[in-house]
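Peer 1:
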Ligand SMILES: [Zn+2]
């Protein structure tokens with residue numbers, strides 16, 4: 023009897039809006055069937071691939087979903103991103119030991135060492151102080167050490183400088199994330215800079231940007247950064263490494279040996295629109311990395327960082343973020359096509375979130391980088407009238423809480439609110455500073471949770487709301503390592 027009433031209630035709900043609800047209802051039934059058939063993969067992982075969207079928090083994921091869905095001709099919300107099809111997920115708490123709002127140094131160290139530490143530190147324990155060589159130095163064993171001990175290969179791919187915080191936590195230990203070359207390390211400090219640590223490490227493959235930190239000042243038209251006159255790229259080659267300098271080198275490279283491989287394709291980070299400057303794409307670099315590392319029969323660890331999502335947000339330029347997240351989707355789709363999830367643990371996550379928010383109440387189909395239009399009571403798609411603030415002006419779907427696009431302007435030492443009347447047309451301009459509340463030079467990170475999506479061996483352990491450093495322990499468990507000495 024109870025079920026009969028339930029049926030009547032559901033049926034009356036559905037018949038009230040017969041146009042699309044049966045589809046929703048059937049999707050729900052299919053979801054239950056799929057969930058019941060899911061099998062837990064307790065195999066030992068041969069390979070682990072971690073894809074980090076730098077700054078790719080939950081809000082950015084929502085922005086990406088709507089953007090990709092709208093680009094594909096839909097209203098946006100219904101779209102499913104490639105990583106949203108993975109089997110398991112957890113919410114990740116990203117704070118560092120001293121930062122409610124974290125940075126990439128502390129968060130990447132948590133992922134790659136199993137310990138939370140202070141913001142700004144790379145691969146060092148919480149007992150160290152940022153920028154202080156005289157403070158205690160306890161180097162944390164990293165994922166690279168774990169994988170090397172198991173006879174596996176290690177690689178990283180990024181579109182930032184390879185010495186930048188997120189990749190640096192794979193292979194280095196530094197009192198300061200900014201000590202990317204020797205010019206920044208204080209003179210009385212005995213610590214090697216991050217670029218030198220990279221060259222001296224036994225990481226197998228590194229592809230990204232940041233040539234300037236490996237070259238002396240005299241090189242690159244005085245844009246080299248090293249004060250010690252060392253050319254680390256020449257030293258690397260002399261010691262038997264293979265170096266790729268540009269897209270030609272990349273296209274001509276054939277994998278024919280186990281020689282260590284480093285490719286640095288720009289002086290600093292990759293440009294936002296890398297394809298316009300004849301650089302290999304993150305997707306192409308990842309393909310090479312997987313092919314290279316796959317030759318080790320014991321397996322590999324690969325970090326792929328889509329690092330410029332973060333920079334687009336910092337600049338307050340949402341359109342750059344949209345370009346970067348589209349590349350991020352293609353990258354993940356491509357990796358999924360390349361790997362065997364029976365033996366590869368794939369984790370897609372972010373190091374931290376950003377101070378970006380979503381307005382309401384917007385009708386469906388309001389452009390994610392445009393104006394928030396009114397909900398249409400008679401149709402799925404929004405009305406052509408925008409929602410208005412009490413100042414009588416429209417507002418955008420996405421807003422930053424702080425950043426260069428602040429609605430406050432400075433005049434004679436005073437800031438005053440100056441909200442402009444903007445249209446979708448203004449927001450479409452690629453360099454547009456998206457509207458923000460508080461005026462700052464750079465938009466900031468936020469302490470909001472991020473998601474880790476996963477499939478493959480041990481991915482079922484990603485469950486609940488967990489600390490970011492637990493990801494290391496999940497990876498460590500997945501490869502069957504029981505031997506950690508810290
Ligand atoms: Zn950042």
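Residue numbers (this note's numbering): 23 to 508. C-beta: ideal position from N, C-alpha, C; glycine also. This structure is a prediction, so every number in the text was calculated from the model and none was measured.
Which parts of the region 331-396 are runs of the beta strand (DSSP E), unbroken and 3 residues or longer, counting only runs that do not cross its ends?
Peer 2: Counting only runs of 3 or more, we get 366-372, 378-380.
Peer 1: Any idea which residues DSSP pairs residue 403 with across the strands?
Peer 2: According to DSSP, residue 403 bridges with 386.
Peer 1: Give the straight-line distance between the Cα atoms of residue 290 and residue 309, rounded to the nearest whole angstrom.
Peer 2: Distance between the alpha carbons of residue 290 and residue 309: 22 Å.
Peer 1: Going by C-alpha to C-alpha distance, which of 356, 300, 294 sits closest to residue 329?
Peer 2: It is 294.
Peer 1: In chain order, what residues of the same chain lie with their CB nearer than 8 Å to the CB of residue 108, ignoring the 5 residues before and after it?
Peer 2: Closer than 8 Å at the Cβ level, and outside the excluded window around residue 108, lie 368, 370, 475, 476, 477, 481.
Peer 1: Could you name the residues of the same chain whose beta carbon sits closer than 7 Å to that of residue 67, not counting the 5 residues immediately before and after it, in chain order?
Peer 2: Within the same chain, residue 67 has close Cβ partners 365, 366, 367, 478, 479, 480, 500, 501.
Peer 1: To the nearest angstrom, report how far apart residue 39 and residue 49 are at their CA atoms.
Peer 2: Interpretation of residue 39 is limited by its pLDDT of 48, a score under 50 that renders its predicted location unreliable; no figure is taken from the coordinates.
Peer 1: For ligand 1, is there any heavy atom lying closer than 7 Å to the beta carbon of residue 126?
Peer 2: Residue 126: yes, Cβ under 7 Å from ligand 1.
Peer 1: Tell me whether residue 157 is buried or exposed, calling it buried when 16 or more other Cβ atoms sit within 10 Å of its Cβ.
Peer 2: Residue 157 is exposed by the Cβ-count criterion.
Peer 1: Under 7 Å from any heavy atom of ligand 1, does the C-beta of residue 467 make it?
Peer 2: Yes, since a heavy atom of ligand 1 falls inside the 7 Å radius drawn around the Cβ of residue 467.
Peer 1: Let me know if residue 383 comes out buried or exposed under the rule of 16 or more other beta-carbons within 10 Å of its beta-carbon.
Peer 2: With fewer than 16 other Cβ atoms within 10 Å, it is exposed.
Peer 1: By Cβ distance, which residues of its chain are closer than 8 Å to residue 473, with the 5 residues on each side in sequence left out?
Peer 2: Within the same chain, residue 473 has close Cβ partners 80, 83, 111, 112, 113, 114, 371, 372.
Peer 1: On the premise that residue 141 lies in contact with residue 120, defined as a C-beta separation below 8 Å, what is that separation, rounded to the nearest angstrom?
Peer 2: Confirmed, Cβ separation roughly 6 Å.
Peer 1: Say yes only if the C-beta of residue 456 is nearer than 7 Å to one or more non-hydrogen atoms of ligand 1, and no if none qualify.
Peer 2: Every heavy atom of ligand 1 is 7 Å or more from the Cβ of residue 456, so no.
Peer 1: Beta-carbon separation of residue 307 and residue 179 under 8 Å?
Peer 2: Their beta carbons are under 8 Å apart, which means residue 307 touches residue 179 by this criterion.
Peer 1: Restricting to Cα atoms, I'd like to know which of 234, 191, 177, 175 is closest to residue 204.
Peer 2: Nearest C-alpha to residue 204: 234.
Peer 1: At the level of alpha carbons, what is the spacing between residue 61 and residue 260?
Peer 2: Each residue's alpha carbon lies about 50 Å from the other.
Peer 1: Leaving out five residues before and five after residue 125 in sequence, what residues of the same chain have Cβ atoms less than 6 Å from its Cβ?
Peer 2: Around residue 125: 141.
Peer 1: Buried or exposed for residue 282, going by 16 or more other Cβ atoms inside 10 Å?
Peer 2: Buried, since its Cβ has 16 or more Cβ neighbours within 10 Å.
Peer 1: Considering Cα atoms alone, identify which of 420, 217, 265, 389 is closest to residue 405.
Peer 2: For residue 405, the nearest C-alpha among the options comes from 389.
Peer 1: Output needed for residue 136: all residues of its chain with C-beta closer than 6 Å, excluding positions within five of it in sequence on either side, in chain order.
Peer 2: Contacts found: 491, 494, 495.
Peer 1: Look at residue 144 and residue 123 and say whether their C-beta atoms are less than 8 Å apart.
Peer 2: Contact: no.
Peer 1: Using only the alpha-carbon positions, how far apart do residue 426 and residue 463 sit?
Peer 2: When rounded, the distance between both Cα atoms is 5 Å.
Peer 1: Can you tell me whether DSSP reads residue 260 as helix, strand or coil?
Peer 2: Correct three-state label for residue 260: helix.
Peer 1: Using the beta-carbon count (16 or more within 10 Å), is residue 45 buried or exposed?
Peer 2: So residue 45 counts as exposed.
Peer 1: Please state whether DSSP places residue 142 in a helix, a strand or coil.
Peer 2: Here residue 142 sits in coil by DSSP.
Peer 1: Report, in whole angstroms, the separation of the C-beta atoms of residue 86 and residue 347, which I expect to be a contact under 8 Å.
Peer 2: About 4 Å; that satisfies the 8 Å criterion.
Peer 1: Could you spell out where the alpha helix (DSSP H) holding residue 188 opens and where it closes?
Peer 2: Note, residue 188: alpha helix (DSSP H), 187-193.
Peer 1: Hey, quick one: how far does the beta strand (DSSP E) through residue 431 stretch, first residue to last?
Peer 2: From DSSP, the beta strand (DSSP E) with residue 431 extends over 430-433.
Peer 1: Please indicate yes or no: does the CB of residue 105 lie closer than 7 Å to some heavy atom of ligand 1?
Peer 2: The answer is no for residue 105.
Peer 1: Between which two residues does the beta strand (DSSP E) holding residue 519 run?
Peer 2: Nothing about residue 519 can be read from this structure; the chain reaches only from 23 to 508.
Peer 1: Mind the definition here: the region 263-279 touches the region 318-337 only if three or more C-beta pairs lie below 8 Å; say whether that holds.
Peer 2: Contact fails: fewer than three Cβ-Cβ distances are below 8 Å.
Peer 1: So, using beta-carbon positions, are residue 232 and residue 185 closer together than 8 Å?
Peer 2: Contact: yes.
Peer 1: Give me, in chain order, the residues of the same chain whose beta-carbon lies closer than 7 Å to that of residue 379; leave out the 5 immediate sequence neighbours on both sides.
Peer 2: Excluding residues within five positions, the ones whose Cβ falls inside 7 Å are 81, 421, 423.
Peer 1: Tell me whether residue 409 sits in a helix, a strand or coil according to DSSP, three-state version.
Peer 2: DSSP places residue 409 in coil when its eight states are reduced to three.
Peer 1: Return the residue from the list 399, 449, 434, 398 that minimises the CA-CA distance to residue 418.
Peer 2: Taking only the C-alpha atoms, the option nearest residue 418 is 449.
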